[in-house]
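Undergrad: The structure that follows is given in the form of structure tokens.
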């Protein structure tokens, strides 16, 4: 049984992301004409997490492709929280930095609540990740707000793919501030009947199987198995889990699978929270990679443009 | 079939509210000793809604009984939004107003988004209703915040009555900013598996009947009938609906019921969103009146004390 036997329709996040980029391109051009400069994203990267390096590089590359600027500030692993807050304050005060992105995770040495303090410090109007409490509150209240990128990208994907949200039963597994909770709110605003599940949920497979739309944002490879999925359901896989155990990859994807071949070339593969066999039950499914990931970056760019436009409207 | 045949345990909101008041009494005394003055709640009442008059009077009376002060400012029905914002600004700037309450509804003439503008203007540290976006966001993020009074009172009631929240399936019917959404968040933070339902939910009775804890916050008299309720479930009735049709009261509560007798004395009765026959199915049930209502006022007083203490800690 390999993933190649899938029957679920593949929800193409890369194509949806490309459409989002094409939608914002004329907005970037119009902003640039009016303002005499391109929208600019200020990025703070502290420490030397290899994943963070890749994420930041991708974000900067995507920005540049659309004619947006980015301004990367680096801090060493040993930097203090105050150093990060100083850079945020500078971005806040700047007339030409429209959005601010602080790449997670911050170095451990900054303290356990460093991210919260830094996100709180970001001016809500420049908070392109939507993590500031004022933006979280506005999102809950269904008011215009910079919304977290991954959940808003997922809504965009579902719309593009013609998945009916209104009236659907949606189940979100995971209750993070970055994905689970804002995802639940956005689905609710679109008139889904929303259930939020988590590690303390009893009979998680049974609850998940009530879903017409199932969003998995847990961070555990292949956790969502066939029994979690109502036949025909739309399954959105937010997980990005690196596997570096060949036996695990073979057990999950099969001896002749493309994932195993990729593993043998690269020594690791990335897989989602959804077990490959779900493709035989679900009606539609996002791949990993190529599903939610590209959408997240596209929505970050969209949020940066929105922030720039919002600041211009106030100027 | 009358409500007198109920088998559900009655969840006594009045008793729970009395306990909350006794818990905050020593905190008020300690604050008053330290500050040389009592905690004070600034109240803005605009227009002449008869219900609002009663609510405000009850809140002031309850404050006074605990040794707290309140400062009522009135505006006429014809007042402008700017007048309301001016009073809020004065309360915000005051060194002796610890909490600010703006009674809803504001007069229609202030515009359709007047309440939002006024709630946004309230300093988050004095926002005892918990309606400011910054407080909403902090609540979602599970951080210390002034939380909306009705949902936090309900959590207190469930705890007092020994209702297990962790692991329970909770269904909230209604998605208002004041009750439904914060209720869902508070239940989630206590590790319930939470579903939010609303007017667009398909098979609402069926979804509701999955609940171990069912919270009805719809605003429609007797809407939640027996078929909505799993036998033994805990049902919390947030509705406060005035009935002034004798035939409807008789149909709902029966010819010999106390509600009908009350109607015949007073010309109207208040009833909840939950049909009286639910008392024969539910394991536990809040009455209306005497359930959630008293809790809301008690939590308002608790929030005012918390706000006063928070400001004192910063002074």
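Residue numbers (the numbering used here), protein chains in the order written: chain A, 1 to 315; chain L, 1001 to 1315. Backbone N, C-alpha and C define an ideal beta-carbon position, used for all residues, glycine too.
#1: Does the stretch 245 to 253 of chain A touch the stretch 196 to 210 of chain A, meaning 3 or more C-beta pairs lie closer than 8 Å?
#2: Listed in chain order, which residues of the stretch 89 to 112 of chain A have Cβ atoms closer than 9 Å to some Cβ of chain L?
#3: With the cut-off set at 9 Å, would you say residue 305 (chain A) and residue 133 (chain A) are in Cβ contact?
#4: For residue 1259 (chain L), count neighbouring C-beta atoms within 10 Å of its own C-beta (all shown protein chains included) and say buried if the count is 16 or more, exposed if not.
#5: With a cut-off of 8 Å on the beta carbons, I'd call residue 1349 (chain L) and residue 1169 (chain L) a contact; round off their distance for me.
#6: Would you verify that the beta carbon of residue 1129 (chain L) is, or is not, closer than 9 Å to some beta carbon of chain A?
#7: Only counting the same chain, and skipping five residues up and downstream in sequence, which positions put a Cβ closer than 7 Å to that of residue 2 (chain A)?
#8: Kindly list the residues whose CB is nearer than 6 Å to the CB of residue 1285 (chain L), restricted to its own chain and excluding five residues on each side of it in sequence; keep chain order.
#9: Of the residues L:1016, L:1205, L:1010 and L:1027, which one's Cα is nearest the Cα of residue 1310 (chain L)?
#10: Strictly under 9 Å for the Cβ-Cβ distance: is residue 297 (chain A) near chain L by that measure?
#11: If we define contact as Cβ-Cβ less than 9 Å, is residue 976 (chain L) a contact residue for chain A?
#12: Between residue 141 (chain A) and chain L, is there a C-beta pair that is closer than 9 Å?
#13: Among A:110, A:48 and A:153, which one has its Cα closest to the Cα of residue 16 (chain A)?
#14: What are the residues in the stretch 184 to 196 of chain A lying within 7 Å of chain L by C-beta distance?
#15: How would you list, in chain order, the residues of chain A whose beta-carbon sits under 9 Å from the beta-carbon of residue 1202 (chain L)?
#16: For the beta strand (DSSP E) holding residue 241 (chain A), just list the boundary residues, first then last.
#17: Excluding the 5 residues preceding and the 5 following residue 1010 (chain L) in the sequence, name in chain order all residues of the same chain whose CB lies nearer than 7 Å to its CB.
#18: Buried or exposed for residue 150 (chain A), please, with buried defined as at least 16 other CB atoms from any protein chain shown within 10 angstroms of its CB.
#19: How big is the Cα-Cα spacing for residue 93 (chain A) and residue 67 (chain A)?
#20: Any idea if residue 276 (chain A) is buried or exposed, counting beta-carbon neighbours within 10 angstroms, 16 or more meaning buried?
#21: Tell me whether residue 1122 (chain L) sits in a helix, a strand or coil according to DSSP, three-state version.
#22: Need the endpoints of the alpha helix (DSSP H) that residue 44 (chain A) sits in, please.
#23: Between the C-alpha atoms of residue 172 (chain A) and residue 268 (chain A), what's the straight-line distance to the nearest angstrom?
#24: Under a CB-based cut-off of 9 Å, is residue 230 (chain A) close to chain L?
#25: Interface residues of chain L around residue 175 (chain A) at Cβ under 8 Å?
#26: Am I right that residue 239 (chain A) and residue 272 (chain A) are in contact with their C-beta atoms under 8 Å? What's the rounded C-beta distance?
#27: So for residue 1278 (chain L), helix, strand or coil by DSSP?
#28: Would you call residue 44 (chain A) buried or exposed, if buried means 16 or more other Cβ atoms sit within 10 Å of its Cβ?
#29: List the residues of chain A that residue 1144 (chain L) touches, going by C-beta distances under 9 Å, in chain order.
#30: Mark residue 1078 (chain L) as exposed unless 16 or more other C-beta atoms lie within 10 angstroms of its C-beta, in which case mark it buried.
#31: Measure the alpha-carbon distance for residue 1303 (chain L) versus residue 14 (chain A) and round it to whole angstroms.
#32: Any Cβ of chain L within less than 9 Å of the Cβ of residue 1 (chain A)?
#33: For chain L, check one thing: does any of its Cβ atoms lie closer than 9 Å to the Cβ of residue 275 (chain A)?
#34: Mind checking whether residue 1143 (chain L) and residue 116 (chain A) have CB atoms under 9 Å apart?
TA: By the coordinates alone:
#1: no
#2: none
#3: no
#4: buried
#5: Chain L is shown only over 1001 to 1315; residue 1349 (chain L) falls outside these bounds and no answer can be derived.
#6: Residue 1129 (chain L) has a beta carbon lying at 9 Å or more from every beta carbon in chain A.
#7: Here the model assigns residue 2 (chain A) a pLDDT of 49, short of 50, so the residue's position is not dependable and the matter cannot be decided.
#8: 1008, 1235 and 1279
#9: L:1027
#10: no
#11: Shown here, chain L extends from 1001 to 1315; a query on residue 976 (chain L) therefore has no answer.
#12: yes
#13: A:153
#14: 188, 191, 193, 194, 195 and 196
#15: Scanning chain A for C-beta atoms nearer than 9 Å to the C-beta of residue 1202 (chain L) yields 167, 168, 169 and 193, reported in chain order.
#16: 241 to 243
#17: 1285 and 1287
#18: buried
#19: 23 Å
#20: Note on residue 276 (chain A): 16 or more other CB atoms within 10 angstroms of its CB, so buried under the neighbour-count rule.
#21: coil
#22: Not the alpha helix (DSSP H): residue 44 (chain A) falls in the beta strand (DSSP E), residues 40 to 46.
#23: Rounded to whole angstroms, residue 172 (chain A) to residue 268 (chain A) spans 28 Å at the Cα level.
#24: So, not an interface residue.
#25: 1188
#26: 4 Å
#27: helix
#28: buried
#29: Per Cβ cutoff of 9 Å: no residues; residue 1144 (chain L) is ~11 Å from chain A at best.
#30: exposed
#31: 48 Å
#32: For residue 1 (chain A), the pLDDT reaches just 45, beneath the cut-off of 50, and the residue's location in the model is therefore unreliable, leaving the point undetermined.
#33: no
#34: yes
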